[in-house]
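So the sequence lines, in the order shown, correspond to chains A and B.
Counted the way numbering that gives the first Met the number 0 counts, the first sequence spans residues 0 to 129.
Counted the way numbering that gives the first Met the number 0 counts, the second sequence spans residues 0 to 320.
C-beta atoms are modelled at their ideal positions from N, C-alpha and C, and glycine is treated no differently.
One structure is given here, and the rest of the page talks about it.
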Amino acid sequence: MERLDGAIYKIVAVIFLISCAVSASFLYMDVKGDALVLEVVNGEKVERTIALGDLDGESAIFVVSDDMGFNAFVIDEGAVRMVSSDCGGGDCLRMTPARSVGDIIVCLPHRLMLRLTGESERRDLDVVSY
Amino acid sequence: MDTFISISASAPVGQMSEGDVKKCIDDAFDLINELDSQMSITDPSSALSALNASKAGETTALPKELYGAIESAKEMSEITGGAYDPTIGSITVLWRYGDDGFRVPERSELERTLANVGYDMISVVPPRSAAITKNGVKIDLGGIAKGYASALITKLMRERGVTNALINLGGNVAVIGERPAGGPWRIGVQDPARERGVPLCAVEAVNTSVITAGVYERVFEVDGVTYTHIYDPNDGMPISGDLKSATVVCDDPIAGDALSTAFMVLGKDRSIELIRSLPDVDAIFITQSPTGAMEITATEGLSSMIGKVSKGAKLTFIEAH
Chain A
0 MERLDGAIYK IVAVIFLISC AVSASFLYMD VKGDALVLEV VNGEKVERTI
50 ALGDLDGESA IFVVSDDMGF NAFVIDEGAV RMVSSDCGGG DCLRMTPARS
100 VGDIIVCLPH RLMLRLTGES ERRDLDVVSY
Chain B
0 MDTFISISAS APVGQMSEGD VKKCIDDAFD LINELDSQMS ITDPSSALSA
50 LNASKAGETT ALPKELYGAI ESAKEMSEIT GGAYDPTIGS ITVLWRYGDD
100 GFRVPERSEL ERTLANVGYD MISVVPPRSA AITKNGVKID LGGIAKGYAS
150 ALITKLMRER GVTNALINLG GNVAVIGERP AGGPWRIGVQ DPARERGVPL
200 CAVEAVNTSV ITAGVYERVF EVDGVTYTHI YDPNDGMPIS GDLKSATVVC
250 DDPIAGDALS TAFMVLGKDR SIELIRSLPD VDAIFITQSP TGAMEITATE
300 GLSSMIGKVS KGAKLTFIEA H
């Protein structure tokens with residue numbers, strides 16, 4: 000809570016995704032806890048990285064919405080889980096929360112993949128300009 | 000705006016409620032959608048398409064946002080001597096990038112089409128109209144649209160009381176204040192040789208924008224030749240050379256967006272010459288040596304802001320102001 004003292008902090012993210020296939024390639028590394036980095040993957044491209052450690056233990060909800068549909072996922076206590084989707088089948092909502100490097104959550108109908116990596120070079124950054 | 004967008008914002012308790020912050024972010028997204036609908040060159044019903052389809056000399060009334068963007072685009076064209084030019088649209092269409100694929104046009108086609116490139120063929124008519132002065136001129140605001148959106152969003156947020164915000168429009172970053180926890184925002188600069196999201200270096204940023212143009216984004220290959228998506232308004236060809244990316248750090252995201260594209264067209268040395276006339280602009284140029292190593296050249300104004308340089312990359316500061 001130290002990070003939030005005296006402030007309201009809300010994060011809302013909306014991703015406009017170009018339709019393309021979801022790639023399931025990822026790295027396995029022995030990284031845990033706040034060194035984890037969540038990658039939001041659009042096809043073969045990582046559209047966003049979020050260092051879990053930057054949240055300082057706080058929860059954050061992210062909304063992903065585009066022409067293909069709606070997803071919401073939560074980062075809470077070092078884990079990532081999908082909490083809402085209009086994909087129909089809802090398989091992504093039943094997937095085990097991602098906690099370790101290599102864990103993934105996939106919403107195939109929306110071609111959205113959340114995967115945990117642990118590249119330390121990214122963890123101190125808020126965002127990458129490209 | 001066919002890109003990844005994220006916005007985070009915060010304000011001190013008592014200054015804004017949680018609902019106010021959420022509403023501010025929602026309004027920012029509405030603004031983005033509105034700009035997108037006005038500035039689309041692929042949507043025939045957009046206001047920009049209407050202007051592009053107008054006859055030479057015919058004045059078209061524009062929404063205020065689009066008018067402002069065209070006015071800014073023309074101003075940036077003048078500042079860059081045409082290295083950034085929004086009338087590159089007819090060249091973009093010729094290469095068919097972003098449409099139904101891409102192709103390499105014939106030289107004769109390029110030469111004919113280049114006659115329709117030139118920002119002086121846009122006539123801005125206050126208070127809110129514009130005209131093109133030659134049939135066939137097509138305005139493409141892709142080189143400035145994100146920066147323009149960032150400028151409007153940061154203005155909106157500041158007016159509402161937001162004190163800390165990170166606005167990321169497809170890698171085009173603007174920040175308000177510091178991080179909510181204190182200290183500058185840390186913005187990575189993409190490593191041109193690696194997958195998106197992997198930085199080569201980083202910039203500490205407060206109340207500024209960090210905007211990158213690079214040749215690694217949206218490339219295509221024909222007969223073994225790789226073509227980029229940034230076109231030189233002088234010859235209509237995709238740019239080439241050893242400059243892999245240009246990152247502009249400045250308070251005005253509109254200038255940052257246009258300049259980053261212009262710098263890619265001008266190349267490193269000519270860009271540095273231009274920066275000498277722009278006192279509030281700093282930049283990072285990433286080139287690739289013949290051995291493949293990445294070399295970072297940053298203006299001296301960034302010497303206290305740049306860090307986290309990846310192993311193997313060479314960093315040099317140059318005096319520009």
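CA-to-CA distance, residue j to residue i, given in whole angstroms
i                : j                : result
Gly311 (chain B) : Ile305 (chain B) : 16 Å
Ala282 (chain B) : Val202 (chain B) : 11 Å
Ala292 (chain B) : Gly240 (chain B) : 15 Å
Thr116 (chain A) : Val116 (chain B) : 45 Å
Val247 (chain B) : Gly13 (chain B)  : 35 Å
Val172 (chain B) : Leu165 (chain B) : 7 Å
Ala297 (chain B) : Ala319 (chain B) : 9 Å
Phe262 (chain B) : Ala245 (chain B) : 6 Å
Thr48 (chain A)  : Arg178 (chain B) : 17 Å
Asp125 (chain B) : Ser288 (chain B) : The residue you asked about is not Asp; residue 125 (chain B) is Pro in the sequence shown. C-alpha separation (whole angstroms): 48 Å.
Ser36 (chain B)  : Lys313 (chain B) : 42 Å
Gly32 (chain A)  : Ile103 (chain A) : Its pLDDT being 47, under 50, Gly32 (chain A) is placed unreliably by the model, and the measurement read from it follows with that caveat. Cα-Cα distance, rounded: 16 Å.
Ser309 (chain B) : Cys200 (chain B) : 6 Å
Trp184 (chain B) : Pro43 (chain B)  : 39 Å
Pro11 (chain B)  : Gly80 (chain B)  : 44 Å
Glu33 (chain B)  : Thr290 (chain B) : 46 Å
Ile78 (chain B)  : Phe28 (chain B)  : 30 Å
Met120 (chain B) : Leu47 (chain B)  : 15 Å
Arg110 (chain A) : Ser45 (chain B)  : 28 Å
Phe72 (chain A)  : Ala8 (chain B)   : 18 Å
Arg193 (chain B) : Gly266 (chain B) : 21 Å
Asp231 (chain B) : Asp25 (chain B)  : 37 Å
When the options are compared against residue i, the one with the closest alpha-carbon
i                : options                                   : result
Asp75 (chain A)  : A:Asp90, A:Ala59 and A:Val63              : A:Ala59
Thr207 (chain B) : B:Gly18, B:Leu301 and B:Gly160            : B:Leu301
Pro278 (chain B) : B:Leu34, B:Gly18 and B:Gly255             : B:Gly255
Val126 (chain A) : B:Ile6, B:Gln287 and B:Thr296             : B:Ile6
Ser99 (chain A)  : A:Arg80, A:Leu54 and A:Val40              : A:Arg80
Ala212 (chain B) : B:Phe316, B:Pro191 and B:Ala204           : B:Pro191
Ser71 (chain B)  : B:Ile238, B:Leu273, B:Glu105 and B:Gly146 : B:Gly146
Lys307 (chain B) : B:Gly196, B:Gly187 and B:Ile317           : B:Gly187
Val92 (chain B)  : B:Gly169, B:Tyr83, B:Arg195 and B:Glu108  : B:Glu108
Arg275 (chain B) : B:Glu294, B:Gly235, B:Glu299 and B:Pro289 : B:Glu299
Gly87 (chain A)  : A:Val36, A:Pro108, A:Ala78 and A:Met112   : A:Pro108
Val221 (chain B) : B:Phe3, B:Arg102 and B:Ile87              : B:Arg102
Ala50 (chain A)  : A:Ala71, A:Asn70 and A:Gly77              : A:Gly77
Ser122 (chain B) : B:Ser149, B:Thr153 and B:Ser53            : B:Ser53
Glu110 (chain B) : B:Asn233, B:Glu57, B:Ile138 and B:Pro85   : B:Asn233
Leu37 (chain A)  : A:Val105, A:Ser64, A:Leu113 and A:Asn70   : A:Leu113
Interface flag, residue i vs chain A, CB-CB below 8 Å
i                : result
Ile295 (chain B) : no
Ala201 (chain B) : yes
Gly100 (chain B) : no
Ser270 (chain B) : no
Arg195 (chain B) : yes
Pro213 (chain B) : Inspection of the sequence shows that residue 213 (chain B) is occupied by Gly rather than by Pro. Yes, Gly213 (chain B) lies at the interface with chain A (some Cβ there is under 8 Å from its Cβ).
Thr260 (chain B) : no
Ile121 (chain B) : no
Ile229 (chain B) : no
Ile253 (chain B) : no
Thr246 (chain B) : yes
Glu216 (chain B) : yes
Phe284 (chain B) : no
Val209 (chain B) : yes
Ser303 (chain B) : no
Phe3 (chain B)   : yes
Proximity test, Cβ basis, 8 Å: residue i and chain B
i                : result
Val82 (chain A)  : no
Leu124 (chain A) : yes
Ser99 (chain A)  : no
Glu76 (chain A)  : no
Val21 (chain A)  : At Val21 (chain A), the pLDDT of 24 sits below 50, so the modelled position is not reliable; the number obtained from the coordinates is stated separately. Not closer than 8 Å to any Cβ of chain B, the Cβ of Val21 (chain A) fails to qualify, so no.
Arg114 (chain A) : no
Interface residues of chain C facing residue i [CB-CB closer than 8 Å]
i                : result
Val127 (chain A) : Absence of chain C from the displayed structure is noted, the protein chains being A and B.
Any non-hydrogen atom of the ligand GTP within 7 Å of residue i CB
i               : result
Asn32 (chain B) : Although the ligand GTP was asked about, the structure shown includes no ligands whatsoever.
By the 9 Å beta-carbon criterion, what residues does the region 163–175 of chain B contribute toward chain A? Asn163, Leu165, Asn167, Gly169, Gly170, Asn171, Val172 and Val174
Which whole runs of the beta strand (DSSP E) in the region 160–244 of chain B are 3 residues long or more, in chain order? 163–168, 171–175, 184–189, 198–204, 208–213, 219–221 and 224–226
Residues in the region 178–191 of chain B with C-beta within 8 Å of chain A's C-beta atoms, listed in sequence order? Arg178, Pro179, Ala180, Trp184, Arg185, Ile186, Gly187, Val188 and Gln189
Which ranges does the alpha helix (DSSP H) cover as unbroken runs of at least 4 residues, wholly within the region 36–105 of chain B, from first to last along the chain? 46–52, 63–78 and 88–94
Beta strand (DSSP E) segments (min. 3 residues) lying fully within the region 106–148 of chain B: 121–124 and 128–131
Those runs of the beta strand (DSSP E) which lie wholly inside the region 239–287 of chain B and span at least 3 residues: 242–249 and 281–287
Write down every uninterrupted run of the beta strand (DSSP E) in the region 68–122 of chain A whose length is 3 residues or greater and which is fully enclosed by it, in chain order. 68–75, 78–84, 103–106 and 111–116
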